[in-house]
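Going line by line, the protein sequences match chains G and V. Under the numbering used here, the first residue of the first sequence is numbered 8, with each subsequent residue one higher. Under the numbering used here, the first residue of the second sequence is numbered 625, with each subsequent residue one higher. Built from N, CA and C at the ideal position, the CB exists for glycine as well. Keep in mind it's a predicted model, so treat the numbers as computed, not measured. Worksheet: one structure, shown below.
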Amino acid sequence: EVQLLESGGGLVQPGESLRLSCAASGFTFSSGNMHWVRQPPGKGLEWVSFIKNNAATTYYADSVKGRFTISRDNSKSTLYLQMNSLRAEDTAVYYCAKASSTSWGHMDVWGKGTTLTVSS
Amino acid sequence: IVMTQSPATLSVSPGERASLSCRASQSVSSKLAWYQQKPGQAPSLLIYDASTRATGVPARFSGSGSGAEFTLTISSLQSEDFAIYYCQQFSTWPLTFGGGTKVEIK
């Protein structure tokens, strides 16, 4: 069974940094393209970032470009999201999601999410 | 690309048909996915490529449309179908989601 388990969320102050992790199992992680998607409290989904299986290609939402960095360690089957200069509007549940094998652009497996709160 | 879903809330009785709309601000061809999200849970993929059901999705869910106009139809609502539904385009980066349609019990 394909599983994704996010961790690393918490409460931080504006301007601080945090790194989220997503441990993958049940599939060949090194072959899988991956996404981060977030959901602010009571609101809809917002795509955050994408990384290709070999990390050669990455994309970011404009709202996080220059502040967030997506990366992966295929030897550990783990996806990361380094978040710097955090703002109150980054407060959300962060999901990691596996891209479909048929397309980079939609997500066929999602983790349960980890919660980030940015507040002073 | 801005994705607009309507209505924001749809009140439907069990057994009835529900039609959810998703409009893109420009053509996304057939690069459109639908997700279902139940309270306290992560989203799950229902439909991709506008009309292809994901693995394990019941046949009562169907997607249609292309270009900029899409519809998700639930032919006969079951109790487990009351949830929020999101469309998402994957034609152009950055990927974008619609604001969601909440399907509630009438």
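Per the DSSP secondary-structure output, G:W43 pairs in a beta bridge with G:S56 and G:C103. Rounded to the nearest whole angstrom, the C-alpha separation of V:L656 and G:K50 is 21 Å. DSSP, reduced to helix, strand and coil, places G:D69 outside both helices and strands of the structure shown, so it counts as coil.
Against chain V, the beta carbon of G:G118 has neighbours under 7 Å at A666, listed in chain order. In terms of CA proximity to V:A674, V:F714 leads the group V:F714, V:A707 and V:V636. The C-beta distance from G:V55 to G:F75 rounds to 7 Å, short enough to meet the 8 Å contact threshold.
Each residue's CA atom was taken as its position, placing G:S127 and G:R94 some 10 Å apart. Note on geometry: alpha-carbon atoms of G:K83 and G:F57 lie some 18 Å from one another.
Put simply, the CB of V:L644 is far from chain G, with every gap to its CB atoms at 7 Å or more. When DSSP states are grouped into helix, strand and coil, V:S643 belongs to the strand group.
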